[in-house]
Amino acid sequence: MFDLFLSHSDLQNSKAGGITMSVHGQAKKVTTHTLQEMKRAGEKITMLTAYDYSLAKLVDSGGVDVILVGDSASNVMAGQVTTVPMTLDHMIYHAQCVKRAVDRALIVVDMPFGTYQGNSAIALESAIRIMKEAEGHAVKLEGGAEIVESIKRILTAGIPVMGHLGLTPQSIYKFGTYSVRAKEDDEAAKLIEDAKILEAAGCFAIVLEKIPRELAKKVSEAISIPTIGIGAGPDCDGQVLVLHDLLGITMDFSPRFLRRYLNLAESIDGAVKQYCEDVRGGDFPNDSESYTS
Ligand code: KIV
């Protein structure tokens, strides 16, 4: 039986387009250990969100290392103003769709608001549902010292945990704004302390969202697990973006950190308008698009 999982020595194997290949030419599966080896080797980690089968398939074949089934699905998929209303059942549904599509990437699933804070038994139960019902590879929780008991309890079941510090959108009503976090010394010091607590608890990586680049650099140097930044500058060990932002589908969201690689909103608008014109003008369907008896 040939091992399709990446190990340390695999990193020295042949590479195609930045993707480590097995000797059989198949892309090998990314694991939490792969990410830690990548940090050690100074290789940047790529992470993108996906919430559905079709886009997850494209993201995976594009060679991204980690697919995040983010609770940003609350905004992007469901049109909610915040991520707070997202439920565990909804997260499991999105994760199941993504899981069916993915061959190579590590699948990390966000634990939604209310499924892990303040009660480590509920946290473990929720994480087990994600692993059992969606077969995700890992879960992500927002917060530092205040949720460490939940993180430790989830880890006791052998479920890998990714942390998330800085701007944590599930706490939007505490912050009152989506602006840059930890600009002040005391919040920056707490963030560094929290990163060390998460590492000591056993997290395999930490997302750093919307913090000054200097602070993200300090955190990345202070811990041995990878940091994945979003709006946290170039010195994190990897980067993550929301796929719909990168593709230019969500045009009402334009933070400084976002680079749009496509303008799909315009392309889709053009295609829909053309389709309507063709149907209304009798041009669609034409003879070659119709069946004959
Ligand atoms: O839910 C999400 O998409 C996230 C990313 C912004 C990191 O947590």
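When the letters of the sequence shown are read in order and numbered with the numbering used here, they come out as residues 21 to 313.
For glycine and all other residues, C-beta sits at the position ideal for the given N, C-alpha and C.
- Residue side-chain check: residue 253 keeps its Cβ at 8 angstroms or more from all non-hydrogen atoms of ligand 1.
- Segment contact: the region 102 to 114 against the region 239 to 255, fewer than three CB-CB distances shorter than 8 angstroms; contact not assigned.
- Note on residue 228: 16 or more other CB atoms within 10 angstroms of its CB, so buried under the neighbour-count rule.
- Pairing residue 219 with residue 257, the inter-Cα distance amounts to about 15 angstroms.
- Around the C-beta of residue 132, 16 or more other C-beta atoms lie within 10 Å, and the residue is accordingly described as buried.
- With contacts defined by Cβ atoms closer than 9 angstroms, residue 187 and residue 68 do not form a contacting pair.
- Where residue 182 is concerned, there is no enclosing alpha helix (DSSP H), although the beta strand (DSSP E) around it starts and stops at 181 to 186.
- For residue 80, the CB stays at least 8 angstroms from every heavy atom of ligand 1.
- Residue environment analysis places residue 152 among the exposed positions, since fewer than 16 neighbouring C-beta atoms fall within 10 angstroms of its C-beta.
- The beta carbons of residue 175 and residue 222 sit about 5 angstroms from each other, so the pair counts as a contact at 8 angstroms.
- Your pair residue 87 and residue 98 does not check out as a contact, with CB atoms roughly 19 angstroms apart and the cut at 8 angstroms.
- For residue 110, the CB stays at least 8 angstroms from every heavy atom of ligand 1.
- Between residue 237 and residue 277, the C-beta gap is not smaller than 9 angstroms, which leaves the two residues out of contact.
- As DSSP reads the structure, residue 130 sits in a beta bridge with 160.
- Secondary structure note for residue 270: it is in no beta strand (DSSP E), with a DSSP letter that is neither H nor E.
- Ranked by Cα distance from residue 81, the first of 313, 126, 271 is 126.
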